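Q: Just dropping this structure here.
2 protein chains.
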Amino acid sequence: MATIKDVAKLAGVSVATVSRYLSGASKLTTSTEAKVKGAIETLSYRPNIMARSLSQSRSDMLMVLVSGVSSPFISNLLSAFSKPASARGYKVLLAETSMDQKIEATYIEALRSRLADGFVQLSAHLHPEMLDKKHTIPFVNVCECLPEATYPTVQIDDKRAAKQITEFLISLGHREIACLVGLYNDQYRSPVTVKRLDGFRDALDGNDIEFHAEWMLQGDYTTDSGVQAAQTIAEMKQRPTAVFCASDTMAIGLIRGLANLGINVPDDISVTGFDDIEMAKYTVPSLTTIRQPVEKIANAAINNLIDIIEEKAHVRQHVTIEHELILRGSTRRL
Amino acid sequence: MATIKDVAKLAGVSVATVSRYLSGASKLTTSTEAKVKGAIETLSYRPNIMARSLSQSRSDMLMVLVSGVSSPFISNLLSAFSKPASARGYKVLLAETSMDQKIEATYIEALRSRLADGFVQLSAHLHPEMLDKKHTIPFVNVCECLPEATYPTVQIDDKRAAKQITEFLISLGHREIACLVGLYNDQYRSPVTVKRLDGFRDALDGNDIEFHAEWMLQGDYTTDSGVQAAQTIAEMKQRPTAVFCASDTMAIGLIRGLANLGINVPDDISVTGFDDIEMAKYTVPSLTTIRQPVEKIANAAINNLIDIIEEKAHVRQHVTIEHELILRGSTRRL
DNA sequence: CTCTCTCTTGAAAACGTTTACAGATACTAC
DNA sequence: GTAGTATCTGTAAACGTTTTCAAGAGAGAG
Numbered sequence: 004m005a006t007i008k009d010v011a012k013l014a015g016v017s018v019a020t021v022s023r024y025l026s027g028a029s030k031l032t033t034s035t036e037a038k039v040k041g042a043i044e045t046l047s048y049r050p051n052i053m054a055r056s057l058s059q060s061r062s063d064m065l066m067v068l069v070s071g072v073s074s075p076f077i078s079n080l081l082s083a084f085s086k087p088a089s090a091r092g093y094k095v096l097l098a099e100t101s102m103d104q105k106i107e108a109t110y111i112e113a114l115r116s117r118l119a120d121g122f123v124q125l126s127a128h129l130h131p132e133m134l135d136k137k138h139t140i141p142f143v144n145v146c147e148c149l150p151e152a153t154y155p156t157v158q159i160d161d162k163r164a165a166k167q168i169t170e171f172l173i174s175l176g177h178r179e180i181a182c183l184v185g186l187y188n189d190q191y192r193s194p195v196t197v198k199r200l201d202g203f204r205d206a207l208d209g210n211d212i213e214f215h216a217e218w219m220l221q222g223d224y225t226t227d228s229g230v231q232a233a234q235t236i237a238e239m240k241q242r243p244t245a246v247f248c249a250s251d252t253m254a255i256g257l258i259r260g261l262a263n264l265g266i267n268v269p270d271d272i273s274v275t276g277f278d279d280i281e282m283a284k285y286t287v288p289s290l291t292t293i294r295q296p297v298e299k300i301a302n303a304a305i306n307n308l309i310d311i312i313e314e315k316a317h318v319r320q321h322v323t324i325e326h327e328l329i330l331r332g333s334t335r336r337l
Numbered sequence: 004m005a006t007i008k009d010v011a012k013l014a015g016v017s018v019a020t021v022s023r024y025l026s027g028a029s030k031l032t033t034s035t036e037a038k039v040k041g042a043i044e045t046l047s048y049r050p051n052i053m054a055r056s057l058s059q060s061r062s063d064m065l066m067v068l069v070s071g072v073s074s075p076f077i078s079n080l081l082s083a084f085s086k087p088a089s090a091r092g093y094k095v096l097l098a099e100t101s102m103d104q105k106i107e108a109t110y111i112e113a114l115r116s117r118l119a120d121g122f123v124q125l126s127a128h129l130h131p132e133m134l135d136k137k138h139t140i141p142f143v144n145v146c147e148c149l150p151e152a153t154y155p156t157v158q159i160d161d162k163r164a165a166k167q168i169t170e171f172l173i174s175l176g177h178r179e180i181a182c183l184v185g186l187y188n189d190q191y192r193s194p195v196t197v198k199r200l201d202g203f204r205d206a207l208d209g210n211d212i213e214f215h216a217e218w219m220l221q222g223d224y225t226t227d228s229g230v231q232a233a234q235t236i237a238e239m240k241q242r243p244t245a246v247f248c249a250s251d252t253m254a255i256g257l258i259r260g261l262a263n264l265g266i267n268v269p270d271d272i273s274v275t276g277f278d279d280i281e282m283a284k285y286t287v288p289s290l291t292t293i294r295q296p297v298e299k300i301a302n303a304a305i306n307n308l309i310d311i312i313e314e315k316a317h318v319r320q321h322v323t324i325e326h327e328l329i330l331r332g333s334t335r336r337l
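Chains Y and R supply the protein sequences, listed in that same order.
Here this note's numbering is used: the first residue of the first sequence is 4, the next is one more, and so on.
Here this note's numbering is used: the first residue of the second sequence is 4, the next is one more, and so on.
Next comes the structure, spelled out in structure tokens:
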């Protein structure tokens, strides 16, 4: 690979001049400019990004740290990060930890070594090193955020959204409402599960509907766990007339599972989802759900992150993006 | 941020010694080792990855270049890259070009500047710079590969798979078979579309079935385009009894679109998919399709890439992964 | 013709590592 | 006690940029 020295030699100028040509910051004589340009082309020279980053102590890169890239909502969200970043001159690199401690550690290591100027954290489990004030790296936490977070966050109001869609079920006349959320026990409960469950219970409370513990089902946000929940519901002595699901994936599994058991949605049971993934339009029946506007979330996250990195004044600590209730075919009036 | 010099000073040793401690290559006295370890901890020092890469002229990173991260098949495939790479000491960074020329250019630029030691290319459109022998960077092309590729590829045998699933339809008694593939015209036809269409036509030819041009529908691999294709089929004077789709996403859209128009799958029309995305199990009816084993593909791609980077002898230029025909509910005997 | 001012260019240090080479120390064997 | 060897450590150059500072060239004014 040709280096800046080779270019300088060939063009008969100093490396400083070549560097200046590349940055475009200061003006060059038309003749030197031509010489440099020619030399760069004949050598097909490209600046070494590592050397540049080392010298400037910045890389113009942002990293997105995510545990799994394949869930539909997450992958949609991921698609939305590149554009706003590119608009402000940053590149986005996605890093998937695959729930693997060792893999996660290597990315955290890279981050601490300043591979990127900042990062977006897509899960609630923040590596403790990142919270250590002494040597913290700019980041924003997106979607899966702890309520007591002392760092910047961007998310919808999960609790309010859950409450709203549950109230919609109630407005249709449902009062026997089950819920299907994520894992919820003393060892573990994800922030999203907690918030959506809270919203669900708030709606019940506000309408004098009793919460039945046996109607609180736990899945793991996969479609399969929705299928399993269907089994549980089918076996209940008293079945609910509606089910609030904490994700579209689980709702889709639930609907499919109920269909297998001869229970029709929405005729026998109404079902609601959460996220509004693309498939929600195409299931039979299509899903009534809460839309999380991924572009808005990604825009806010990226712009906030860059503002933090560039130390702009107007950084907002906690950003809430408006969700939207989407009415489709999986719910009906009782 | 503390540097290696700070550590050396605090420990009372030279920077070389600290570097040696970090690499673990050469042995240190237990006493110096202790001093260095202590200094690193009190300063919570981390080596600067840029400086290291510059010095070693390698970064231990692999980049995966992909146009869009949100299609279900692609996002499943992406999930499978981290593990094999991590097993061999490499990090994987995903870069999404969003079909945007400018964004793509910045990643290509980064690659040419040796951000990563090599890359996986997930679309057929290889940037011309990457093919220029003079300064090429190790890469392997995955799934969307040109038939005449002169660079390493990893993929299933799309043509054979398409032929096989079409022959399965024929074995069920179907002879009026339409197909739904990607865009196919003089300006553009993706390698995958070409190969799957070829396989489809081969199957017809081999069974003395005529190919009807008006039964060749074109979509764009989105679910929506499947819905639109349903409309076209519904309006045909003579309807096919089966449709071969070049992707599960389009097949799902097609089935949904047909259902909307009162046409039942598989009773009225059989439909096959391609890829075996997760949702294929959960649609009503579930999809008969071709499974592309994403782990195997990703393993082969990563290991091949690293072999090339490390100049191992046993690099295989073109790797074909075995697909699998999955029989489910969207097809029936005529 | 000289002085001053502006604009372009070059020399060299800096960024934070690794590593070849040489020097120092400790140990073994006689 | 000395020589020889093996092992550990330090010095300094190298990786490829950017950037500060200073010098040089050229132009305009008197």
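Virtual Cβ for every residue (Gly too), placed ideally from N, Cα, C.
Fair warning: this is a prediction, and the values are worked out from it, not measured in the lab.
Tell me where the alpha helix (DSSP H) around Met-53(R) begins and ends.
A: Counting along the chain, the alpha helix (DSSP H) containing Met-53(R) begins and ends at 52-59.
Q: For Tyr-191(Y), decide whether its Cβ has a neighbour in chain R, counting only Cβ atoms nearer than 8 Å.
A: No, because no Cβ of chain R sits closer than 8 Å to the Cβ of Tyr-191(Y).
Q: Using 10 angstroms around the beta-carbon of Lys-240(Y), count the other beta-carbons present and answer buried if the total reaches 16, otherwise exposed.
A: Counting Cβ neighbours within 10 Å, Lys-240(Y) comes out exposed, since fewer than 16 surround it.
Q: Could you pull out every unbroken beta strand (DSSP E) segment of at least 3 residues lying fully inside the region 92-125 of chain R, listed in chain order?
A: List check, beta strand (DSSP E) in window: 94-99 and 121-124.
Q: Would you give the residue range spanned by the beta strand (DSSP E) that Arg-23(R) belongs to?
A: First-last for Arg-23(R): 18-26, but that is the alpha helix (DSSP H), not the beta strand (DSSP E).
Q: Note down, in chain order, every chain Y residue with its Cβ under 8 Å from the Cβ of Glu-298(R).
A: Per Cβ cutoff of 8 Å: no residues; Glu-298(R) is ~12 Å from chain Y at best.
Q: Beta strand (DSSP E) containing Asn-144(R): first to last residue?
A: Residues 142-145.
Q: Sorted by chain position, which residues of the same chain lie with C-beta nearer than 6 Å to Ala-181(Y)'s C-beta, five sequence neighbours on each side aside?
A: So the qualifying residues of the chain are Trp-218, Pro-243 and Val-246.
Q: Quick one: list the residues of chain R neighbouring Leu-81(Y), beta-carbon separation under 9 Å, in chain order.
A: Simply Val-72, Ser-73, Ser-78, Leu-97 and Glu-99.
Q: Between the beta-carbon of Ser-273(Y) and the beta-carbon of Arg-331(Y), is there less than 8 Å?
A: No, the Cβ-Cβ distance between Ser-273(Y) and Arg-331(Y) is not below 8 Å.
Q: For Arg-204(Y) and Ala-88(R), I'd like the C-alpha separation in whole angstroms.
A: Spanning the two alpha carbons is a distance of roughly 44 Å.
Q: Answer yes or no: do Asp-227(R) and Gly-265(R) have a C-beta to C-beta separation smaller than 8 Å?
A: No; because the gap between Cβ atoms is not below 8 Å, this pair is not in contact.
Q: Residues of chain R with a CB under 7 Å from the CB of Pro-50(Y): which are they?
A: Correct list: Ser-116.
Q: What are the start and end residues of each continuous alpha helix (DSSP H) run of 4 or more residues lying completely inside the region 282-332 of chain Y, in chain order?
A: Whole alpha helix (DSSP H) segments, 4+ residues: 297-312.
Q: Please report the residue range of the alpha helix (DSSP H) in which Ile-272(R) lies.
A: Run containing Ile-272(R): none; DSSP gives neither H nor E here.
Q: When the Cβ atoms of the region 38-52 of chain Y are set against those of the region 88-101 of chain Y, are three or more pairs found closer than 8 Å?
A: Because the criterion of three Cβ pairs below 8 Å is not met, the region 38-52 of chain Y and the region 88-101 of chain Y do not touch.
Q: Is it a yes or a no for the region 308-315 of chain R touching the region 113-128 of chain R, going by three-plus beta-carbon pairs under 8 Å?
A: The region 308-315 of chain R is in contact with the region 113-128 of chain R.
Q: Just the C-alpha distance for Asn-144(Y) and Glu-327(Y), rounded to the nearest angstrom, thanks.
A: Distance between the alpha carbons of Asn-144(Y) and Glu-327(Y): 21 Å.
Q: Going by alpha carbons, who is nearest to Thr-196(Y) out of Pro-150(Y), Glu-313(Y), Gly-176(Y) and Ile-173(Y)?
A: Here the closest residue by C-alpha is Pro-150(Y).
Q: Given this structure, state the Cα-to-Cα distance separating Leu-261(R) from Ala-283(Y), to the nearest angstrom.
A: Cα to Cα, Leu-261(R) sits roughly 17 Å from Ala-283(Y).
Q: According to DSSP, is Asp-196(R) helix, strand or coil?
A: Checking the sequence, you will find Thr at residue 196(R) rather than Asp. Thr-196(R): helix per DSSP, three-state reduction.
Q: Run through DSSP, which three-state label would Gln-234(R) get?
A: The answer is helix: DSSP assigns Gln-234(R) an H, G or I state.
Q: Can you find a C-beta in chain Y that's less than 8 Å from the C-beta of Glu-112(R)?
A: Yes, Glu-112(R) lies at the interface with chain Y (some Cβ there is under 8 Å from its Cβ).
Q: Using a Cβ-Cβ distance under 8 Å, would Tyr-224(Y) count as near chain R?
A: So, not an interface residue.
Q: Along chain Y, which residues have their Cβ under 9 Å away from the Cβ of Ser-89(R)?
A: Per Cβ cutoff of 9 Å: Ser-101, Asp-103, Lys-105, Ile-106 and Thr-109.
Q: Cutting at 7 Å between CB atoms, please list the residues of its own chain near Ala-152(R), excluding the five before and the five after it.
A: If we look at Ala-152(R) and ignore the five residues flanking it on each side, its Cβ neighbours are Asn-144.
Q: Could you pull the start and end residues of the beta strand (DSSP E) that Ala-37(Y) belongs to?
A: Where Ala-37(Y) is concerned, there is no enclosing beta strand (DSSP E), although the alpha helix (DSSP H) it sits in stretches over 33-46.
Q: Among Val-230(Y), Arg-319(Y), Glu-314(Y) and Ile-236(Y), which one has its Cα closest to the Cα of Tyr-285(R)?
A: Residue Val-230(Y) is the option with its Cα nearest to Tyr-285(R).
Q: What distance in whole Å lies between the Cβ atoms of Thr-235(Y) and Ala-254(Y), which are believed to be in contact at a cut-off of 8 Å?
A: 15 Å between Cβ atoms; not a contact.
Q: Along the region 259-293 of chain R, where does the CB come closer than 7 Å to a CB of chain Y? Name the residues.
A: Within the region 259-293 of chain R, the residues whose Cβ lies closer than 7 Å to some Cβ of chain Y are Arg-259, Ala-262, Glu-281, Met-282, Tyr-285 and Val-287, listed in chain order.
Q: Quick check on Leu-220(Y): does DSSP put it in helix, strand or coil?
A: Strand, per DSSP.
Q: Buried or exposed: where does Thr-291(R) fall if 16 or more other Cβ atoms within 10 Å of its Cβ makes it buried?
A: Its Cβ being crowded by 16 or more others within 10 Å, Thr-291(R) is buried.
Q: Please return the same chain residues whose Cβ sits closer than 7 Å to the Cβ of Gln-167(R), not counting the five positions on each side in sequence.
A: So the list reads Leu-328, once near-sequence residues are dropped.
Q: Report yes if the C-beta distance between Phe-222(R) and Gly-176(R) is below 8 Å; otherwise report no.
A: The sequence given here places Gly at residue 222(R); Phe does not occur at that position. It is not a contact, given that the beta carbons lie outside the stated cut-off.
Q: Taking only beta-carbon positions, decide if Ala-19(R) is within less than 8 Å of chain Y.
A: With 8 Å as the cut-off, Ala-19(R) does not count as an interface residue toward chain Y.
Q: With a cut-off of 8 Å, does the C-beta of Ala-54(R) fall near any C-beta of chain Y?
A: Answer yes: the Cβ-Cβ gap between Ala-54(R) and chain Y drops below 8 Å somewhere.
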